[in-house]
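**Student:**
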Amino acid sequence: MSNCRLEILLVAIAGLLTPVAQAQQTWALDGVKIYSAPDVPPIKGKVVIAGNKILSVATAEPRATTAMQASRCNGGVIMAGFQNSHVHFTSEEFRNARQQSAAELDIALTRMLTRYGYTTVFDVTSDGDNTLALRNRIEQGEVRGPRILTVGLSLFPSQGLPIYISHMPKELLDKLPQPASVEEAVQTVRKSLSVGTDGTKLFIATPQGDRPIKRMPADIASAAANETHRKGKLVFAHPTDIQGVQQALDAHVDILTHPPLGAPAPWPEPLMRQIRDAGMSMIPTLQLFPYELNKERVSAAIAEQLVNESVTEFGKFVAMGGQVLFGTDVGYMTDYDPTREYELMAKAGLTPMQILASLTTTPAARWNEQDLRGRIATGMEADIVVLDADPADSPRNFAAVRCAIRSGEIIYSRH
Numbered sequence: 039m040s041n042c043r044l045e046i047l048l049v050a051i052a053g054l055l056t057p058v059a060q061a062q063q064t065w066a067l068d069g070v071k072i073y074s075a076p077d078v079p080p081i082k083g084k085v086v087i088a089g090n091k092i093l094s095v096a097t098a099e100p101r102a103t104t105a106m107q108a109s110r111c112n113g114g115v116i117m118a119g120f121q122n123s124h125v126h127f128t129s130e131e132f133r134n135a136r137q138q139s140a141a142e143l144d145i146a147l148t149r150m151l152t153r154y155g156y157t158t159v160f161d162v163t164s165d166g167d168n169t170l171a172l173r174n175r176i177e178q179g180e181v182r183g184p185r186i187l188t189v190g191l192s193l194f195p196s197q198g199l200p201i202y203i204s205h206m207p208k209e210l211l212d213k214l215p216q217p218a219s220v221e222e223a224v225q226t227v228r229k230s231l232s233v234g235t236d237g238t239k240l241f242i243a244t245p246q247g248d249r250p251i252k253r254m255p256a257d258i259a260s261a262a263a264n265e266t267h268r269k270g271k272l273v274f275a276h277p278t279d280i281q282g283v284q285q286a287l288d289a290h291v292d293i294l295t296h297p298p299l300g301a302p303a304p305w306p307e308p309l310m311r312q313i314r315d316a317g318m319s320m321i322p323t324l325q326l327f328p329y330e331l332n333k334e335r336v337s338a339a340i341a342e343q344l345v346n347e348s349v350t351e352f353g354k355f356v357a358m359g360g361q362v363l364f365g366t367d368v369g370y371m372t373d374y375d376p377t378r379e380y381e382l383m384a385k386a387g388l389t390p391m392q393i394l395a396s397l398t399t400t401p402a403a404r405w406n407e408q409d410l411r412g413r414i415a416t417g418m419e420a421d422i423v424v425l426d427a428d429p430a431d432s433p434r435n436f437a438a439v440r441c442a443i444r445s446g447e448i449i450y451s452r453h
């Protein structure tokens, strides 16, 4: 067994053996700094948790509180639980989630997500039945993990699965919808949302290797988006290139799962302003670009140039007021550590508090949950991350997670 796997196994076992905050317990969490929100100066103090809610935030010892100190989580930098808005539960370790042992799923969720502070994740393509089964086991308390939102199976152009997913299991590929008509697209969306998914994802444009890119017809994309919006849900799109971004705008998509990484610089400024003015969010996934270039064995010098161009163009979008949701594409990307993502976001010009907003308040508002999540405040859901060091000192510190707490329960503890 590798050292990494052994470490995760021990973490999972320790979590199962160590008492955690139960439903109605009240306990206090000490912090050397508490960032209650990205736009509020930090304080030193305590966060008092009662059941699954934050009872109070105080700079002094709270009165009339029976507090159980979570010593393994005390003394760090406290902020709201992180949200990763671009993950996939498509890897082998999540297959057969109904029957797989809870211990193995605990290990997989720790490796990919909770050890990095994610208390909410949005899965933007997977076998919906399997992901909903995983979500149900987490919600029933069988498995420790983040809150999962999912689009289930994405919609692709007719006969247009992208070449980069050809390695995935045939049983999954055979399920992926490729609607050839407006009626088929609408029925696909209705069926998906009826079983409990939380949105729709459109692969607007899909690379086909040596053949031309396949593009989803405008009427099909618009029909799928309209049906999703009619049900009060959000629409994601994988744009691939600049033309794909324009297609997403035309279809009234809400969230781009990637920028047009690798598109020739500069990205058209009027188009970027259209995205901003339409209220469309962008998930940077900047770490994915060097990951893919390395897989393609692009030389280090050329890869660095291409990455720098995309990072610069993404920075321009942020500077003009574009909305950013943090996301990494883990599950497709096997490098789970988000440290480089934080570094590239900082390189693009995002301040530590802008990065924190992309992890907390912005996704909470995007999912219309701003009164429930995204801040450390009385009455909010007790979704909390404790870091070893202050990200104001280095973006790398966002990945230095000591504890992750979801709904008042410690779902990850490094100690």
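Adding 38 to a residue's 1-based position in the sequence shown gives its number in this note's numbering.
Beta carbons are placed, not taken as given, at the ideal position from N, Cα and C, and that holds for glycine.
#1: Going by CA-CA distance only, name the one from T366, V125, T158 that's closest to I422.
#2: Taking 8 Å as the threshold, find out whether the region 390-397 comes into contact with the region 422-441 through three or more Cβ pairs.
#3: Per the DSSP calculation, M320 is bridged to which residue(s)?
#4: Rank R434, R411, E351, P195 by C-alpha distance to the C-alpha of R378 and give the top, closest one.
#5: If the criterion is Cβ atoms closer than 8 Å, does the pair L331 and A339 meet it?
#6: Using DSSP bridges, identify the partner residues of T97.
#7: Have a look at H290, T244, Q225, V95 and flag the residue whose alpha-carbon is nearest the alpha-carbon of Q197.
#8: Name the two residues that bound the continuous beta strand (DSSP E) containing T528.
#9: D167 lies in the alpha helix (DSSP H); which residues open and close that run?
#10: Looking at H124 and G365, is the spacing between their C-beta atoms short of 8 Å?
#11: Could you pull the start and end residues of the alpha helix (DSSP H) that D144 belongs to?
#12: In angstroms, rounded to a whole number, what distance separates the CA positions of M254 and A262?
#13: Measuring CA to CA, which of S192, E307, D144 is closest to D161?
#14: For L363, which residues from the same chain have a beta carbon less than 7 Å from its beta carbon, with the 5 sequence-adjacent residues on both sides left out?
#15: Please state if the CB of L143 and the CB of L172 are separated by a distance shorter than 8 Å.
#16: Using three-state DSSP, classify G26 as helix, strand or coil.
#17: Suppose contacts are defined by Cβ-Cβ distances below 8 Å. Is I449 in contact with G69 by that definition?
#18: Could you name each continuous alpha helix (DSSP H) segment of 4 residues or more that falls completely within the region 338-424, going from the start of the chain to the end?
#19: With DSSP run on the structure shown, which of helix, strand or coil describes E307?
#20: Considering only residues of the same chain and omitting the five flanking positions on each side of E351, which have a CB-CB separation below 7 Å?
#21: Out of W65, G83, V95, point me to the one whose CA is closest to T416's CA.
#22: Along the chain, where does the beta strand (DSSP E) that runs through K82 open and close?
#23: Which of helix, strand or coil does DSSP assign to F132?
#24: Assuming A256 contacts D288 (C-beta within less than 8 Å), just tell me the rounded distance between them.
#25: Distance, Cα to Cα, V86 vs A420?
#26: Please name the residue or residues paired with A442 in a DSSP beta bridge.
#27: Which term fits Y202, buried or exposed, when burial requires 16 or more other beta carbons within 10 angstroms of its beta carbon?
#28: Please give me, in chain order, every unbroken run of the beta strand (DSSP E) with length at least 3 that falls completely inside the region 208-239.
#29: Q121: buried (16+ other C-beta within 10 angstroms of its C-beta) or exposed?
#30: Leaving out five residues on either side along the sequence, give the residues of the same chain with a beta carbon under 7 Å from the beta carbon of I81.
#31: Considering only the alpha carbon of each residue, which of L272, V336, A386, V283 lies closest to N406?
#32: Could you say which of Q138, R136, E131, A75 lies nearest to R149 if we only look at CA atoms?
#33: CB-CB under 6 Å to G412, same chain, minus the five flanking residues each way: which ones, in chain order?
#34: Indicate whether P215 and F194 have their beta-carbon atoms separated by less than 8 Å.
#35: Are the beta-carbon atoms belonging to S348 and P297 less than 8 Å from one another?
#36: Excluding five sequence neighbours on each side, which residues of the same chain lie with their C-beta closer than 8 Å to the C-beta of L170?
**Tutor:** With the given structure in hand:
#1: It is T158 whose Cα lies nearest to the Cα of I422.
#2: Touching, yes.
#3: Note: M320 sits in a beta bridge opposite L294, V362.
#4: R378 has its Cα closest to that of R434, out of R434, R411, E351, P195.
#5: No. Outside cutoff.
#6: Paired residues: none, contrary to the question.
#7: Ranking H290, T244, Q225, V95 by Cα distance to Q197 puts T244 first.
#8: Outside the shown range of the chain (39 to 453) lies residue 528, about which nothing can therefore be said.
#9: Here the alpha helix (DSSP H) through D167 covers 166-177.
#10: For the 8 Å CB-CB criterion, G365 and H124 form a contact.
#11: For D144, the enclosing alpha helix (DSSP H) starts and ends at 140-150.
#12: Looking at the backbone, the Cα of M254 and that of A262 are separated by about 11 Å.
#13: It is S192.
#14: Excluding residues within five positions, the ones whose Cβ falls inside 7 Å are S123, I293, S319, I321, S396, T400, P401, R404.
#15: Result yes, Cβ atoms of L172 and L143 sit closer than 8 Å.
#16: The question about residue 26 has no answer, for the chain in this structure spans 39 to 453.
#17: Not in contact: I449 and G69 (Cβ atoms no closer than 8 Å).
#18: Counting only runs of 4+ residues, the alpha helix (DSSP H) found wholly inside the region 338-424 occupies 338-357, 377-385, 390-397, 399-404, in chain order.
#19: Of the three classes helix, strand and coil, the one that applies to E307 here is helix, per DSSP.
#20: The beta carbon of E351 sits closer than 7 Å to those of A303, P304, W305, all from its chain and outside the five residues before and after it, given in chain order.
#21: Per the Cα distances, V95.
#22: 81-88 is the extent of the beta strand (DSSP E) around K82.
#23: DSSP places F132 in helix when its eight states are reduced to three.
#24: With a Cβ gap of about 6 Å, A256 and D288 count as contacting.
#25: Answer to the nearest angstrom: the Cα atoms are 9 Å apart.
#26: Assignment of beta-bridge partners to A442 by DSSP yields V423, Y450.
#27: Residue environment analysis places Y202 among the exposed positions, since fewer than 16 neighbouring C-beta atoms fall within 10 angstroms of its C-beta.
#28: Complete beta strand (DSSP E) runs here, min 3: none at all.
#29: Residue burial is scored here from C-beta neighbours: Q121 has at least 16 other C-beta atoms within 10 angstroms and is therefore classed as buried.
#30: So the list reads I72, T97, once near-sequence residues are dropped.
#31: The residue with the shortest Cα to Cα distance from N406 is L272.
#32: Checked all of Q138, R136, E131, A75; the closest Cα to R149 is E131.
#33: If we look at G412 and ignore the five residues flanking it on each side, its Cβ neighbours are A118, T398, T399, A402.
#34: In contact: P215 and F194 (Cβ atoms closer than 8 Å).
#35: Yes, they are a contact pair.
#36: So the qualifying residues of the chain are T188, G190, V233, G234, T235.
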